[in-house]
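Chemist: Here the sequence shown is numbered in the numbering used here, starting from 18 and rising by one per residue.
Cβ coordinates follow ideal geometry from the N, Cα and C atoms, glycine included.
As the structure is a computational prediction, the values presented were derived from the model and not from experiment.
I have a structure here, written as structure tokens, and I will follow up with some questions on it.
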Amino acid sequence: MLNLSSFYLKKFLVFFICFACFQFAFSQKEGAIWYFGENAGLDFNSGVPVALTNGQHFINEGCASMSTSDGNLLFYTDGIEVWNKNNQVMPNGTDLLGHSSSSQSAVIVPHPGDVNKYYVFTVMANYHLSYEEGLNYSLVDLSLDNGNGDVVPSEKNIELVHITEEKLTAVKKSDTEYWIITRFYDTFYTFKIDINGINTTPIETVIAPALPGALDKFYGINSQIGYMKISPDGSKLAVAFLDSLYPFANYTLGLGGVYLYDFDINTGIPSNPRLLSDFYRPYGLEFSSDSSKLYVSTGFAQLIPSDPSSVIYQFDLDNANIQTTKTTVITLPYSFYTSALQLAIDGKIYFSTIEDREAFSFPGYGSGFMSVIYNPNADAGNLNINMDVISLNGGVGRYGLPTFISSFFNIGFTYNDTCLGDTTEFLLNSTDPVISAFWDFGDGNTSILENPTHLYALSGDYTVSVTVTTASETKTETKDISIYETPIANLPTNFEMCSPVPNSEFDLSLKDAEILGGQSATEFGVTYYPTFLDAENATNALPNLYININAAVTLFARVYNVNNPNCYDTTSFDIIVKTAPELHTVPDWTVCDTDLDGFYDFDLSQKDVEVLNGQTAADFNITYHETQADANNGVNTIGPNYTNTATPQEIFFRIENTTYPECFETASFFLEVVTSVTANAPTNLEACDDDNDGIFGFDLSTQDVQILGTQTPTSFNISYHASQMDADNGTNTLSVTNYSNIAPYSETIFARVEHSANPDCYNTTVFDVLVYNTPVLQQVANWQVCDIDNDGVFSFNLTEKDTEILGNLNALDYAISYHETETDAQAGVNGIIGMYQNTSNPQQLFYRLENVGNPTCYITDYFSIEVFNTPTANTPQPIIACDLEETGRQTFDLSIQDIEILNGQNAANYEVIYFGTESDAIANLNPLNKLAYVNATLQETIYARIQNVGMESCYEITNFSLLINPLPQLSLDEQYVICPDSPDLVIYAGTFDSWVWRDNNGTEISTDQNLEVQELGSYSVTVTQITNGVSCENSATFEVVSSGAPETFTVAIGDFSDEITLVINATGIGTFEYSLDGVNYQQDNEFSVFPGEYTVFVRDVYECRILTEEIIALGYQKFFTPNGDGTNEQWHVIGADNYPGSFIYIYDRYGKLIKQLAPNGTGWDGTYLGSPLPSSNYWFRYEYDNGKVYMGHFALKR
């Protein structure tokens, strides 16, 4: 806890103890409950602040609270959320447009015209350059949510100013008016609240300073921070700018200023701007309760160790040179700074402290205690200040404290009831015990009571003063008050009117003059209400244009002083609506003159029902008169039995309310006596049916002229009916302009002619409506024929078209005629008779199809006749081709035959199409690909169809052959060899019609059938053969080479074994091939063979010479298996029989001779002396070829 008592410059504890013991206050308690910071709160109702721990705030800066005048909490807000008296968020009480980091986020102002309603005004934090929310208001209605209050959705976050600073304050102008002030850049915006609510058009005052930084995203945001306060007496306005860019010679970051203004409480306009001083980050402001001192807290939010310390200064506002009175009243230790400053209802100023603990980090750590300036009205040298003396019981104070209406803390006196005739109450507000008080009421009367009352004799302005003596001082407070004239509400006459409906519109303002009774209409106003209670409370006022609900209703008028609406009087009057008759049109009365004398006896009472037209007969009287004047005056009635005096004659009637005869209406009708009616018989109506269902829509009115004859049309009504009875009774009238007959084709219509003045005067006649079928237009094809003699003329039997034209129509009901022109067809004249020969080519002919019952029901149309020439198909030459690709298939352009087939006929008029069969050509089906036809066989017949392009049925067919000759086939080798043993070479080409031989250079060397070749190289031969008259040629190429031949060869035979390698070495020129069977040759000269006798073959690759030699490859088996299975049963040296004088000896492993074999004898069977020897390795010695010896071993396996 911070305790500055050890370094106070001056101590005034004695005064503190005295004041604390005897302090009391008479001030109103709307500002008695505070909620702020982190769950912090204070209750000032007991006279000393008591910590509250139920608050819901968790904010850094701005907030607001509102209590009743008795100090009971109503609700509180941080500008974002609204909590009710039970510390619960109100319905719709979230997302208001304040900010927890806005210096003065919100202020609450009562609605002067409704005790249950309060306005919450909000301003956004200095981030407005991003948010741009500005000044907004929301309306709280405490009558909602069971008396706990609710934010009215329709009046939530209503924008008043688009962008503002974080500054917001309010002051009371009068008992029924408040001012709300904010600012931005260089402009103050002042809004007035009165009994009608908020005037959303502000008073804008452009005044210094202009802060260019307000528009700067870096410096400007801090110039928005800081408090704005109005003094409790409403005379001064102070504004703190944390950083300001007003014109200092050297701008320093953190250098701000405080401006002081005079404030006109009557106009809401600040004036006389004075820069009190430049400060280091000024933030909090507060006036003393008597508005004589201003306090400024500086050093807000120390960010770096070099920042100056936080200081609270005092200015004496009563001094003529206020700037010179700047006095330091407290300097906080380094790293501490103060919060906002706030005056309480006990007249003391409270604040908390913040500490930057961690290298001066922002934001700092709040305090759990409040500090107090106990006597802020005192001069700086006599102040009593103590730090951290009020515990918040776990709550934490931050930067902001609640913003209140400044007038809540006005220390002086207040007064109520300022209407002439009322007893005016005066209440003394003092934070010190009052020893004595002396009141001067400004009219010569005085009082020494602390809270006196006074009755003024006259209205007007009075200067009231009170001189108060306390233990510390004697001070006089003076105020100008107005006593307002109370009007008299005179009793007006009732509103009475005649109306057919109970609800009518009344202009209530027409009663103003009666109610005022000569009182000034500019000094007094009149409003109207549905109940006496509404008139007394000025609630639920009626609009001047009022529509009554009931026929009789009592309304109440309130006359009030426009300068003080609480000075009023009330009266009442009735609205009486008398039922007036409704006037309806009464038709004229026309009768037939049966005796032709022009007169008739009328019973006028028969018109009563028409006059009433549904109105109750008991409520109204009806009388009849011969003049309008008699009807208006209700005199000289006639009837009910009345004989006309002229025809036509106007009769006037009067209908009046039986209770209120003054409520009446008049009107008239005519009596007329007319002569008889004639209905002439018209001709029948005939029509051609458009859809041939026998039903047609007739315009019966076309018969009117014939039926009326010479009678005047305007005097008669004509109607049409389906029966004589309906015509006589004038019932079931038919549609006149579009009547469709019910009975198909023929129906009788009954016409009724009645006098327009009297339907009883009528006559009837009849006529028929007749419907005839209209022929249906069929699809008639044009008529095209082939001209056999090609002269362009043809004889047509036109009756062949009758069936097409009739379609499904009955030929007995319709007639057909043919015409050369459309005009003749339309007129039905100059029909064509018999066969018709065309006169042009092509030519249009027209036909007419008409109903024989009604020739006017007809149709006309046309078709064309055209004569086409028949072409001649000339036979072309066959198409013969050589089988160049030797596939038997070839692609042909058949169009090359067109010219021969047309043979001079115009290709533009005829086309040639080709087919594979005659039937296809006749049927014009499956045409061949004319430009790329591929044949299927070597010999085909192609059919050509030539036809008229205008008419394909005019055609003729011919055919031609398509032949493919095979190419001559040559049987030559690709290569011929000149061998050393046979150097002469003759090549035979075969039997053809011609031969051409060429050497490698393409030079022709022979045209004979044979070619004798003497030189090596490449050659070609081309032969031709004529088939079907077409010569086809073919060619072949071949090469003549020479070959060497082997002269001799030797065979090297490998080692004595069971597998022998033979290597053949040949001599001679050329490439050689080798074989051991004379069939299968290889170019490799090495063979691997089993022991035995072989014939070795050697030849050149062109087979010019072959050499042979017999050889023997001696060898033996590596093992044998004498087990009786017939395989490898004996062992012998293979090839030994070729050396008859050789010897073979077999030994066991110990060198014992087991067997000696003869070279041409049988082999060893594996026994010794008849007994089988065991499996083992055995050795042999072979002596052969004059002393050669070979030794080896083999295995016996069992």
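Less than 8 Å separating the beta-carbons of proline 604 and isoleucine 672?
Modeler: Here residue 604 refers to the residue found at position 587 of the sequence shown. Here residue 672 refers to the residue found at position 655 of the sequence shown. No, the Cβ-Cβ distance between proline 604 and isoleucine 672 is not below 8 Å.
Chemist: What are the boundary residues of the alpha helix (DSSP H) that asparagine 650 is part of?
Modeler: Working through the sequence shown from its first residue, we reach residue 650 at position 633. Residues 645-650.
Chemist: Which same chain residues end up closer than 7 Å to threonine 934 when comparing Cβ atoms and leaving out the 5 residues on each side of it in sequence?
Modeler: Taking the sequence shown and counting its residues from 1, one reaches residue 934 at position 917. Once the five neighbours on either side are set aside, the close Cβ partners of threonine 934 are Tyr960.
Chemist: Comparing alpha-carbon positions, which option in Ala1062, Ala663, Phe1073 and Asp1075 lies nearest threonine 1084?
Modeler: Position 1067 of the sequence shown holds residue 1084. Taking only the C-alpha atoms, the option nearest threonine 1084 is Ala1062.
Chemist: Since phenylalanine 784 contacts alanine 704 with CB under 8 Å, what's their CB separation in whole angstroms?
Modeler: Numbered from its first residue, the sequence shown carries residue 784 at position 767. Numbered from its first residue, the sequence shown carries residue 704 at position 687. Not a contact, Cβ separation roughly 13 Å.
Chemist: Distance, Cα to Cα, glycine 1180 vs leucine 1079?
Modeler: The residue labelled residue 1180 in the question sits at position 1163 within the sequence shown. The residue labelled residue 1079 in the question sits at position 1062 within the sequence shown. So the two alpha carbons sit approximately 26 Å from each other.
Chemist: Between the C-alpha atoms of lysine 1214 and serine 1193, what's the straight-line distance to the nearest angstrom?
Modeler: Start at 1 with the first residue of the sequence shown, and residue 1214 comes out as number 1197. Start at 1 with the first residue of the sequence shown, and residue 1193 comes out as number 1176. The alpha-carbon atoms of lysine 1214 and serine 1193 are separated by roughly 7 Å.
Chemist: Could you say if the segment 84-95 and the segment 46-57 meet the contact criterion of at least three C-beta pairs nearer than 8 Å?
Modeler: These segments touch.
Chemist: Under the three-state reduction of DSSP, which class applies to serine 521: helix, strand or coil?
Modeler: Counting from one through the sequence shown, the residue named residue 521 turns up at place 504. Three-state DSSP puts serine 521 in coil, outside helix and strand.
Chemist: Where do the ends of the beta strand (DSSP E) carrying valine 313 lie?
Modeler: The count along the sequence shown starts at 1 and reaches residue 313 at position 296. Element bounds for valine 313: 310-314.
Chemist: Please report the distance separating the alpha-carbon of aspartate 478 from that of phenylalanine 208.
Modeler: On the sequence shown, residue 478 is found 461 positions in, with the first residue counted as 1. On the sequence shown, residue 208 is found 191 positions in, with the first residue counted as 1. Looking at the two C-alpha atoms, the distance is approximately 26 Å.
Chemist: In the DSSP assignment, the alpha helix (DSSP H) including valine 628 goes from what residue to what residue?
Modeler: For the purposes of this step, residue 628 is taken as the residue at position 611 of the sequence shown. Start and end: 625-629.
Chemist: With a cut-off of 8 Å, do at least 3 Cβ pairs link the segment 470-489 to the segment 508-516?
Modeler: Segments in contact, no.
Chemist: Got a sec? Which residues, its chain only, sit under 7 Å from proline 1157 by beta carbon, not counting five neighbours each side?
Modeler: Your numbering for residue 1157 matches position 1140 in the sequence shown. So the qualifying residues of the chain are Pro1176 and Asn1177.
Chemist: Starting from alanine 842, trace the alpha helix (DSSP H) in both directions and tell me its first and last residue.
Modeler: Counting from 1 along the sequence shown, the entry for residue 842 is found at position 825. First-last of the alpha helix (DSSP H) with alanine 842: 839-844.
Chemist: Any contact of the segment 554-574 with the segment 409-416, i.e. 3+ C-beta pairs under 8 Å?
Modeler: Contact between the segment 554-574 and the segment 409-416 is absent, because fewer than three Cβ pairs lie under 8 Å.
Chemist: Pick out whichever of Ala953, Asn941, Tyr737 and Ile939 has its Cα sitting closest to the Cα of aspartate 900.
Modeler: Locating residue 900 in the sequence shown gives position 883, where the first residue counts as 1. Selected option, being the one with the closest Cα: Ala953.
Chemist: What is the DSSP secondary structure of alanine 227, counted as helix, strand or coil?
Modeler: Within the sequence shown, the letter at position 210 stands for residue 227. In the structure shown, alanine 227 sits in coil (DSSP, three-state: anything other than H, G, I, E or B).
Chemist: Within its chain, find whatever has a CB closer than 6 Å to the CB of isoleucine 897; leave out the 5 residues flanking it on each side and keep chain order.
Modeler: By 1-based counting over the sequence shown, the position of residue 897 is 880. Around isoleucine 897: Leu980, Asn1045 and Val1047.
Chemist: Have a look at alanine 142 and arginine 298 and give me their C-alpha separation to the nearest angstrom.
Modeler: For this step, residue 142 is matched to residue 125 along the sequence shown. For this step, residue 298 is matched to residue 281 along the sequence shown. Cα to Cα, the separation comes out at about 17 Å.
Chemist: Does the segment 1086-1094 come close enough to the segment 1102-1122 to have 3 or more Cβ pairs within less than 8 Å?
Modeler: These segments touch.
Chemist: According to DSSP, which residues form a beta bridge with histidine 116?
Modeler: On the sequence shown, position 99 is the one that residue 116 refers to. Answer is none; histidine 116 lacks a bridge partner.
Chemist: Below 6 Å CB to CB, which residues in the same chain sit around tyrosine 154 once its five sequence neighbours on both sides are set aside?
Modeler: The sequence position of residue 154 within the sequence shown is 137, counting from 1. Excluding positions up to five away in sequence, the list reads Tyr136, Phe138 and Ile175.
Chemist: Just verifying my parser: in three-state terms, what is the DSSP assignment at valine 722?
Modeler: Taking the first residue of the sequence shown as position 1, residue 722 is located at position 705. Helix.
Chemist: Assuming glycine 417 contacts glutamate 182 (C-beta within less than 8 Å), just tell me the rounded distance between them.
Modeler: Translated into the one-based positions of the sequence shown, residue 417 becomes position 400. Translated into the one-based positions of the sequence shown, residue 182 becomes position 165. Not confirmed; about 15 Å, so no contact.
Chemist: Considering Cα atoms alone, identify which of Glu522, Gly542 and Glu1056 is closest to glutamate 531.
Modeler: Taking the sequence shown and counting its residues from 1, the one referred to as residue 531 is at position 514. Nearest option by C-alpha distance: Gly542.
Chemist: In terms of residues, what are the limits of the alpha helix (DSSP H) holding isoleucine 532?
Modeler: Stepping through the sequence shown from its first residue, residue 532 is reached at position 515. Looking at the DSSP string, the run of the alpha helix (DSSP H) that includes isoleucine 532 is 529-533.
Chemist: Name the two residues that bound the continuous alpha helix (DSSP H) containing isoleucine 822.
Modeler: Along the sequence shown, read from residue 1 onward, the residue named residue 822 stands at position 805. Its alpha helix (DSSP H) spans residues 819-823.
Chemist: Taking all protein chains shown into account, do 16 or more other C-beta atoms lie within 10 angstroms of the C-beta of glycine 316, making it buried, or fewer, making it exposed?
Modeler: Here residue 316 is taken as the residue at index 299 of the sequence shown, counted from 1. Counting Cβ neighbours within 10 Å, glycine 316 comes out buried, since at least 16 surround it.
Chemist: Please report how far the alpha carbon of proline 287 lies from the alpha carbon of threonine 85, in whole angstroms.
Modeler: Here residue 287 corresponds to residue number 270 of the sequence shown, with the count starting at 1. Here residue 85 corresponds to residue number 68 of the sequence shown, with the count starting at 1. Looking at the two C-alpha atoms, the distance is approximately 30 Å.
Chemist: Please classify phenylalanine 909 as buried or exposed, where buried requires at least 16 other C-beta atoms within 10 Å of its C-beta.
Modeler: Position 892 of the sequence shown, counting from 1, holds the residue named residue 909. Buried, by the Cβ-count rule.
Chemist: For glycine 164, tell me which candidate among Gln105, Asp551 and Ile918 has the shortest Cα-Cα distance.
Modeler: Here residue 164 is taken as the residue at index 147 of the sequence shown, counted from 1. When only C-alpha atoms are compared, the closest one is Gln105.
Chemist: I'd like to check one pair, asparagine 462 with leucine 444: are the Cβ atoms closer than 8 Å?
Modeler: In the sequence shown, residue 444 corresponds to position 427, counting from 1. In the sequence shown, residue 462 corresponds to position 445, counting from 1. Contact flag unset, no.
Chemist: What number of angstroms, rounded off, separates the C-alpha of tyrosine 677 from the C-alpha of threonine 662?
Modeler: As a working note, residue 677 is residue 660 in the sequence shown. As a working note, residue 662 is residue 645 in the sequence shown. In a straight line, the C-alpha of tyrosine 677 is about 33 Å away from that of threonine 662.
Chemist: Could you say if the segment 794-809 and the segment 767-775 meet the contact criterion of at least three C-beta pairs nearer than 8 Å?
Modeler: The segment 794-809 vs the segment 767-775: no contact.
Chemist: Taking the continuous alpha helix (DSSP H) assigned at glutamine 741, which residues delimit it?
Modeler: Taking the sequence shown and counting its residues from 1, one reaches residue 741 at position 724. Here the alpha helix (DSSP H) through glutamine 741 covers 741-746.
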